[in-house]
């Protein structure tokens with residue numbers, strides 16, 4: 001009998017409706033050279049507002065990870081929410097898999113929208129991309145927030161087991177981050193949450209896998225492998241923008257040690273906030289507390305003298 005109902009597809013439609021109701025619209029941009037980027041953009045870019053770019057991590061598409069905070073930011077910002085390559089509706093036929101290339105594609109997308117300056121929040125893998133954007137495009141990225149983004153991990157941290165106690169190889173990490181069985185989804189949830197949901201029926205998990213975890217599986221594995229291969233702290237540039245680092249106290253995906261390592265690496269321009277009793281999934285377990293810190297950084301403490309010079313970051317058409 002053909003499958004007639006998908007919980008995951010229904011939830012995706014609900015998020016799509018929520019984004020639309022909040023004032024965003026779906027937009028697809030052809031960057032040329034085989035690269036297509038999808039992004040949720042404002043229905044009307046308000047020149048009196050600053051621009052905030054939200055970059056998702058591994059998992060489902062961007063809607064699933066930012067639905068909870070979009071409405072709060074819309075009154076103050078022109079909000080842009082892209083799908084990274086091989087997530088949602090974004091993809092490329094090119095062979096590049098680095099976060100540096102992802103960052104370049106996101107910036108090209110923003111240029112296509114005539115946006116030249118922006119604040120950026122990157123969650124987990126999205127934080128790697130946000131960090132790379134801040135390093136490559138120093139004059140365009142104004143303030144940076146990194147949520148649970150293990151930017152400072154090194155290849156040896158996994159291979160030698162010094163920092164990562166749960167995942168012992170990059171192959172195992174890929175199996176968990178791109179789950180293909182209900183058991184792997186349960187393991188991912190257990191790693192991501194400090195207090196995982198008590199019950200997750202296999203039928204729902206299998207539905208999630210079929211809808212969200214089958215397309216571009218090989219390409220996503222390559223993203224993880226590229227992130228890990230030959231990664232050294234000595235190769236990591238030091239960003240200079242005001243930076244907020246937010247971490248879960250019990251993060252098992254990227255242990256808290258990496259947050260302190262990142263704070264030391266960036267130096268005085270960085271502030272570290274550790275949220276108590278939460279794991280890696282900050283946006284799901286503590287959305288209100290996450291928003292509180294984002295609001296404090298991007299809105300409350302933004303220097304009024306620089307708001308004028310930052311402007312709305314949009315070029316005249």
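Numbering (UniProt numbering), first residue to last: 1 to 317. Using N, Cα and C, we set each Cβ at its ideal position, and we do this for glycine too. Just so it is clear, the structure is predicted and the values come from calculations on it, not from any experiment.
Distance check between residue 225 and each of 171, 201 and 32 places 171 closest, using alpha-carbon atoms only. DSSP places residue 219 in the helix class (H, G or I) of the three-state scheme.
Residue 202 sits away from residue 179, with the two beta carbons spaced by 9 Å or more. Linking residue 40 to residue 277 through their CA atoms gives a straight-line distance of about 32 Å. Using a 10 angstroms sphere on the CB of residue 166, the tally of other CB atoms stays under 16, which defines it as exposed.
Annotated three-state conformation of residue 288 is helix, per DSSP. Inclusion of residue 118 and residue 140 in the CB contact set at 9 Å is warranted, their separation being smaller than that value.
Rounded to whole angstroms, residue 143 and residue 5 show a C-alpha spacing of 43 Å. Taking 8 Å as the upper bound for CB-CB distance, residue 9 and residue 211 are in contact here, some 6 Å apart. In the DSSP assignment, residue 50 falls within the unbroken beta strand (DSSP E) covering 50-55. Leaving aside the five residues that flank residue 133 on each side, the residues in its chain whose CB is nearer than 7 Å to its CB run, in chain order, 103, 106, 107, 120 and 141.
Here the alpha carbon of residue 168 sits roughly 49 Å from the alpha carbon of residue 48.
Taken atom to atom, the span from the alpha-carbon of residue 298 to that of residue 264 is near 22 Å. The region 79-95 makes no contact with the region 246-263: fewer than 3 CB pairs, one atom from each, lie closer than 8 Å. DSSP, reduced to helix, strand and coil, places residue 271 within a strand of the structure shown.
For residue 39, the secondary structure class from DSSP, reduced to helix, strand or coil, is strand. Taken atom to atom, the span from the alpha-carbon of residue 112 to that of residue 151 is near 27 Å.
Around the beta carbon of residue 286, a 10 Å sphere encloses 16 or more other beta carbons of the protein chains shown; the residue is thus reported as buried. A residue is called buried once 16 or more other Cβ atoms fall within 10 Å of its Cβ, and residue 14, having fewer, is exposed. Each residue's CA atom was taken as its position, placing residue 261 and residue 89 some 34 Å apart.
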